[in-house]
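Student: In the working numbering, the protein residues as written are 322 to 540.
Supplied in structure tokens, the structure appears directly below.
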Ligand SMILES: [Cu+2]
């Protein structure tokens, strides 16, 4: 900008020609800055809407009855499950919430399972291994490095025996839950029974909606 003012012909013109005053130039710069800032804000919101920025925060889904947050528009679906060990009179009621949920087929599903149970339960060796996720990996407590099996104490598993899908859930710490995230696609439609393969709460293990339930995959 201001290229023409630097040319010889420009400077040789009549000195009486009014030049831009500094104040007008300053105003234009101000408007330019505002335009850039506004454009940046609009672009950020467009990016956030397109890529679901903020949707990945589990707190944003609290109170979501079915644990399934559809971002719409062909994006991934977010599935949030919590595992609690609820003291209930004389028995604990270990429970996945929700125990029954529905997901779309052929869609990238981004799961977050937050386990608040610090129990350490016996798990068959085969069920300590991850199976059926993207790359057969899970990510624990925000780690960028995926793991294909859990070698630390396990509280519960999320296992679909008919398909071999298996997610071992590390025991929570004394204070903090363990948070497992992974990506998966469920491509066969139907209703699939999942169950926990850990020897956890004997009552819950046989109770629908607690340590067993259903995943319904719809087209
Ligand atoms: Cu269990």
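A virtual CB, placed ideally from N, CA and C, is assigned to each residue, including glycine.
The structure displayed is predicted, hence computed values, not measured ones.
1) Who are the Cβ neighbours of residue 519 in its own chain at under 8 Å, not counting the five residues just before and after it?
2) DSSP three-state call for residue 499: helix, strand or coil?
3) Hey, would you say residue 437 sits closer than 9 Å to residue 495, going by beta carbons?
4) Within the chosen definition, does the stretch 512-529 reach the stretch 480-492 through at least 3 CB pairs nearer than 8 Å?
5) So what's residue 532 in DSSP terms, helix, strand or just coil?
6) May I ask you to report which of helix, strand or coil DSSP gives residue 455?
7) Hey, residue 533 and residue 517: beta-carbon distance below 9 Å or not?
8) Is any heavy atom in ligand 1 found nearer than 8 Å to the beta carbon of residue 478?
9) Taking the straight line between their C-alpha atoms, what separation do you get for residue 402 and residue 425?
10) I'd like to know whether the C-beta atoms of residue 419 and residue 504 end up nearer to each other than 9 Å.
11) If you compare alpha carbons, which of 465, 461, 466, 480 is closest to residue 473?
12) From residue 405 to residue 414, what does the alpha carbon distance come to, in whole angstroms?
13) Can you name the start and end residues of the alpha helix (DSSP H) that residue 489 belongs to?
14) Pop quiz: residue 423 and residue 537 are said to be a contact at Cβ under 8 Å. What is the actual Cβ separation, rounded to whole angstroms?
15) With DSSP as the reference, identify every bridge partner of residue 426, one or two as the case may be.
16) I need the straight-line Cα distance from residue 456 to residue 467, nearest angstrom please.
17) Thinking just about the alpha-carbon of each residue, which of 395, 399, 416 is nearest to the one in residue 527?
18) So who's on the other strand from residue 462, going by DSSP bridges?
19) Of all the options 524, 501, 507, which has the alpha carbon lying nearest to the alpha carbon of residue 464?
20) Is DSSP giving residue 438 helix, strand or coil here?
21) Would DSSP call residue 328 helix, strand or coil?
22) Can you find the residues in the same chain that come closer than 6 Å, C-beta to C-beta, to residue 471, ignoring five residues on each side of it along the sequence?
23) Can you list, in chain order, the residues of its chain whose CB lies under 7 Å from that of residue 493, leaving out five sequence neighbours each side?
Tutor: Let me lay it out:
1) Within the chain shown, numbered from 1, the residue matching residue 519 stands at position 198. Correct list, in chain order: 442, 443, 444, 448, 475, 476, 477, 478.
2) Stepping through the chain shown from its first residue, residue 499 is reached at position 178. In the structure shown, residue 499 sits in a strand (DSSP, three-state: E or B).
3) Numbered from 1 along the chain shown, position 116 holds the residue referred to as residue 437. Numbered from 1 along the chain shown, position 174 holds the residue referred to as residue 495. No, Cβ-Cβ distance for residue 437 and residue 495 is not below 9 Å.
4) yes
5) For this step, residue 532 is matched to residue 211 along the chain shown. Here residue 532 sits in coil by DSSP.
6) Translated into positions along the chain shown, residue 455 becomes position 134. Three-state DSSP puts residue 455 in a helix.
7) Counting from one through the chain shown, the residue named residue 533 turns up at place 212. Counting from one through the chain shown, the residue named residue 517 turns up at place 196. Yes, they are a contact pair.
8) Your numbering for residue 478 matches position 157 in the chain shown. At least one heavy atom of ligand 1 is nearer than 8 Å to the Cβ of residue 478, so yes.
9) Position 81 of the chain shown, counted from the start, is the residue given in the question as residue 402. Position 104 of the chain shown, counted from the start, is the residue given in the question as residue 425. Their Cα atoms are separated by approximately 16 Å.
10) Translated into the one-based positions of the chain shown, residue 419 becomes position 98. Translated into the one-based positions of the chain shown, residue 504 becomes position 183. Not closer than 9 Å, so no.
11) Here residue 473 refers to the residue found at position 152 when the chain shown is read from its first residue. Residue 473 has its Cα closest to that of 461, out of 465, 461, 466, 480.
12) The sequence position of residue 405 within the chain shown is 84, counting from 1. The sequence position of residue 414 within the chain shown is 93, counting from 1. Cα-Cα distance, rounded: 8 Å.
13) As a working mapping, residue 489 is identified with position 168 in the chain shown. That residue, residue 489, is in no alpha helix (DSSP H); its beta strand (DSSP E) goes 486-491.
14) Reading the chain shown from its first residue, position 102 is the one you call residue 423. Reading the chain shown from its first residue, position 216 is the one you call residue 537. Indeed they touch by this definition, with Cβ atoms about 4 Å apart.
15) The residue given as residue 426 occupies position 105 in the chain shown. Answer by DSSP bridge pairing: none, since residue 426 is not bridged.
16) Taking the chain shown and counting its residues from 1, one reaches residue 456 at position 135. Taking the chain shown and counting its residues from 1, one reaches residue 467 at position 146. Looking at the two C-alpha atoms, the distance is approximately 9 Å.
17) By one-based count along the chain shown, residue 527 stands at place 206. Looking at the Cα atoms, 416 is the closest of the given residues.
18) Within the chain shown, the letter at position 141 stands for residue 462. The partner list for residue 462 (beta bridge, DSSP) is empty, contrary to what the question assumes.
19) Residue numbering aside, residue 464 sits at position 143 when the chain shown is read from its first letter. Of 524, 501, 507, the residue nearest in Cα terms is 501.
20) If you number the chain shown from 1, residue 438 lands on position 117. Of the three classes helix, strand and coil, the one that applies to residue 438 here is coil, per DSSP.
21) What you label residue 328 is simply residue 7 of the chain shown in a count that begins at 1. In this prediction, residue 328 scores a pLDDT of 42, lower than 50, which makes its location untrustworthy; the coordinate-derived value is nonetheless stated afterwards. Correct three-state label for residue 328: coil.
22) For the purposes of this step, residue 471 is taken as the residue at position 150 of the chain shown. 449, 489, 491.
23) Within the chain shown, the letter at position 172 stands for residue 493. Closer than 7 Å at Cβ, skipping near neighbours: 436, 437, 438, 439, 476, 499.
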